[in-house]
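In what follows, a structure is listed as C-alpha cells, so that the remarks can point back to it.
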Amino acid sequence: MRIVGFRRGMAAQGLVLLENALQFVGAFVAFSIAIVSYKGVRSTQSSSLLRLAAAFVFLGTGFLLEGIYGFGSLSILPGFEVSLTTLLISGLVLETAGYFFLAFSHVLDVMFDKRMAIMLAFFPLMAINQGSLEVILTSLSFYFIMYGVVETLFAYSRNRNPNTLLIASGLSLIAAGWWISLVAADTLLLSIVQLLMKEVGLVILFIPVLTFSFTKKSGWNGPL
Amino acid sequence: MAPYRTQTKIIADILLTARDMNMEGDGVGITTLLRKGNVSYSRMTKLIGDLVGAGLLLELNLDKTAKYKISEKGMSFLQAYLQFEDFAQSFGLRL
Numbered sequence: 104m105r106i107v108g109f110r111r112g113m114a115a116q117g118l119v120l121l122e123n124a125l126q127f128v129g130a131f132v133a134f135s136i137a138i139v140s141y142k143g144v145r146s147t148q149s150s151s152l153l154r155l156a157a158a159f160v161f162l163g164t165g166f167l168l169e170g171i172y173g174f175g176s177l178s179i180l181p182g183f184e185v186s187l188t189t190l191l192i193s194g195l196v197l198e199t200a201g202y203f204f205l206a207f208s209h210v211l212d213v214m215f216d217k218r219m220a221i222m223l224a225f226f227p228l229m230a231i232n233q234g235s236l237e238v239i240l241t242s243l244s245f246y247f248i249m250y251g252v253v254e255t256l257f258a259y260s261r262n263r264n265p266n267t268l269l270i271a272s273g274l275s276l277i278a279a280g281w282w283i284s285l286v287a288a289d290t291l292l293l294s295i296v297q298l299l300m301k302e303v304g305l306v307i308l309f310i311p312v313l314t315f316s317f318t319k320k321s322g323w324n325g326p327l
Numbered sequence: 112m113a114p115y116r117t118q119t120k121i122i123a124d125i126l127l128t129a130r131d132m133n134m135e136g137d138g139v140g141i142t143t144l145l146r147k148g149n150v151s152y153s154r155m156t157k158l159i160g161d162l163v164g165a166g167l168l169l170e171l172n173l174d175k176t177a178k179y180k181i182s183e184k185g186m187s188f189l190q191a192y193l194q195f196e197d198f199a200q201s202f203g204l205r206l
C-alpha cells in the first residue's frame, strides 16, 4: 500500500513538474504570436493586430511568471521562495488581462450585440460564488476564453477559413482544460487529461505562426 | 450592413484593383478604381496622391488621361497585407 501511495505521490509530483514546464511552452507560443502580430502592426497599422499582440504579451508574461512560481515552489529555481505569492497573483492577473484583450478584440470587431449580452449574463453565476482571488481570476480567464471561442466560431461562420476553426478548437481545448482544473483538479487521471488538453490547445494556437513563417515571402517591413 | 473598412483595408482594395484589373498592362483609370474601391471621388483622388507619393502606385500619363499601375513596392505591401489578413482571420479578427 505504501509503495502504491509513494508511486502516486511521485506521479503527482511529475505532473506538477510537467504542468509548470507547460507554462514555459505556453509563454513561447504566446510570445511567438505576439511577435508576428507586432510585425503585422508595423506593416499594416492594424488595431486588431495591436490588440492581439497586447493580449499575447500579457499571456506570455503571465505564463512565464506562473512557470517561475511553479519551479520556485518545487525549489527547482532558487531565490523565488519569498515572492512566490506575488509571482502567482501577478501571473494570474496578467493571464486574465491577456484573455480579456483576446475577448476585447472580438468585442470591438462585432461591437456590443446580443451574443455579448448573453455571455455577460452567465458571468455572475461563475464568478461571484468563488472565494479566493486565485479562483476569481481563473474563473474570469475561463469566461474570457469561452467568449473568445464563441466569437471565433461566429467568425468562422462568416469567413469559412479552416484556420479560424482550428483556432476555435484550440481555444476550446484550453477552455475545457481550464474547466476541468477548476472543478476536478484533485483526480490524477483528470489532471493528466486537462494537461493534455491545454498542451494540444497551445500547439494548435501555434499553427498560424508556423503557417505565417513558412509562407512569408514579402519583403515589406512597413510602416505604410 | 457592410463591415467597417479601415484606411489600410481601403488602400489594399485600391492596390488589389490596380493589380487585378490591369489586363492590358497599361494601368487602370480612376473610374475603375472608384467603382471597385467604393469611396468618394475626392477621397479617392487624395488616396491615389498619397499612394503615388509613397511609391505604391505608378502614375502613367497616356493619351492625356492618368492611369495607375501597382509598383513593386505596392506588390510587396499587398503581399504582406494579405498574409497578415490571413493571420488575423485565423484568430477570427479583421485587419
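Residue numbers (the numbering used here), protein chains in the order written: chain W, 104 to 327; chain U, 112 to 206.
Yeah, the Cβ is synthetic: ideal placement off N, Cα and C, and Gly gets one too.
Bear in mind the structure is a predicted one, so any value in this text is a computation, not a measurement.
Quiz prompt | Buried/exposed call for Leu162 (chain W), threshold 16 Cβ in 10 Å | solution = For the purposes of this step, residue 162 (chain W) is taken as residue 59 along the first sequence, with counting starting at 1. The residue in question, Leu162 (chain W), is buried, as its Cβ has 16 or more Cβ neighbours within 10 Å.
Quiz prompt | Segments assigned beta strand (DSSP E), at least 3 residues, entirely inside the region 141-203 of chain U | solution = Look at the region 141-203 of chain U and you find these whole runs of beta strand (DSSP E), each 3 residues long or longer: 168-173, 176-181.
Exercise. Decide if Leu189 (chain U) is buried, meaning its Cβ has at least 16 other Cβ atoms within 10 Å, or exposed.
Key: On the second sequence, residue 189 (chain U) is found 78 positions in, with the first residue counted as 1. Flag for Leu189 (chain U) reads buried.
Self-check item: Per-residue contacts from Leu126 (chain U) into chain W (C-beta, under 7 Å)
Solution: Taking the first residue of the second sequence as 1, we reach residue 126 (chain U) at position 15. Neighbours of Leu126 (chain U) on chain W: none; closest Cβ ~11 Å, over 7 Å.
Quiz item: With respect to the alpha helix (DSSP H) encompassing Tyr115 (chain U), which residues constitute its N-terminal and C-terminal limits?
Solution: Mapped onto the second sequence, residue 115 (chain U) falls at position 4. Per DSSP, Tyr115 (chain U) is not a residue of any alpha helix (DSSP H), being assigned neither H nor E.
Quiz item: Do the CB positions of Lys180 (chain U) and Leu169 (chain U) come within less than 8 Å of each other?
Solution: Along the second sequence, read from residue 1 onward, the residue named residue 180 (chain U) stands at position 69. Along the second sequence, read from residue 1 onward, the residue named residue 169 (chain U) stands at position 58. Their beta carbons are under 8 Å apart, which means Lys180 (chain U) touches Leu169 (chain U) by this criterion.
Quiz item: Taking Cβ-Cβ distances below 9 Å as the criterion, which residues of the region 138-169 of chain U are in contact with chain W?
Solution: Ala165, Leu167
Practice problem: Check the DSSP bridge columns for Val139 (chain U) and list the partner residues they point to. | Solution: Stepping through the second sequence from its first residue, residue 139 (chain U) is reached at position 28. DSSP links Val139 (chain U) through a beta bridge to U:Tyr179.
Quiz item: Within the 8 Å Cβ cut-off, does Phe215 (chain W) reach chain U?
Solution: For the purposes of this step, residue 215 (chain W) is taken as residue 112 along the first sequence, with counting starting at 1. Legend: pLDDT at Phe215 (chain W) = 47, less than 50; position of this residue unreliable, no value from coordinates given.
Quiz prompt | Own chain partners of Val119 (chain W) with C-beta closer than 8 Å, once the 5 adjacent residues on each side are dropped | solution = Reading the first sequence from its first residue, position 16 is the one you call residue 119 (chain W). Cβ within range, chain order: Gly173, Leu177.
Quiz prompt | Boundaries of the alpha helix (DSSP H) in which Met249 (chain W) is found, first to last residue | solution = By one-based count along the first sequence, residue 249 (chain W) stands at place 146. First-last of the alpha helix (DSSP H) with Met249 (chain W): 236-262.
Self-check item: For Ala157 (chain W), the nearest candidate out of W:Leu292, W:Val144, W:Thr290 (CA to CA)
Solution: To locate residue 157 (chain W), count along the first sequence from 1; it is residue 54. Residue W:Val144 is the option with its Cα nearest to Ala157 (chain W).
Quiz item: Is the shortest distance between the beta-carbon of Thr176 (chain U) and the beta-carbons of chain W less than 8 Å?
Solution: Reading the second sequence from its first residue, position 65 is the one you call residue 176 (chain U). No, no contact with chain W.
Quiz item: Under a three-way DSSP split, which group does Thr199 (chain W) fall into?
Solution: Position 96 of the first sequence, counted from the first residue, corresponds to residue 199 (chain W). Correct three-state label for Thr199 (chain W): helix.
Quiz item: What's the C-alpha gap between Ala206 (chain W) and Leu153 (chain W)?
Solution: To locate residue 206 (chain W), count along the first sequence from 1; it is residue 103. To locate residue 153 (chain W), count along the first sequence from 1; it is residue 50. Between the alpha carbons of Ala206 (chain W) and Leu153 (chain W) lies a distance of about 13 Å.
Quiz item: When burial is assigned at 16 or more other CB atoms within 10 Å of the CB, is Gly148 (chain U) buried or exposed?
Solution: Position 37 of the second sequence, counted from the start, is the residue given in the question as residue 148 (chain U). So Gly148 (chain U) counts as buried.
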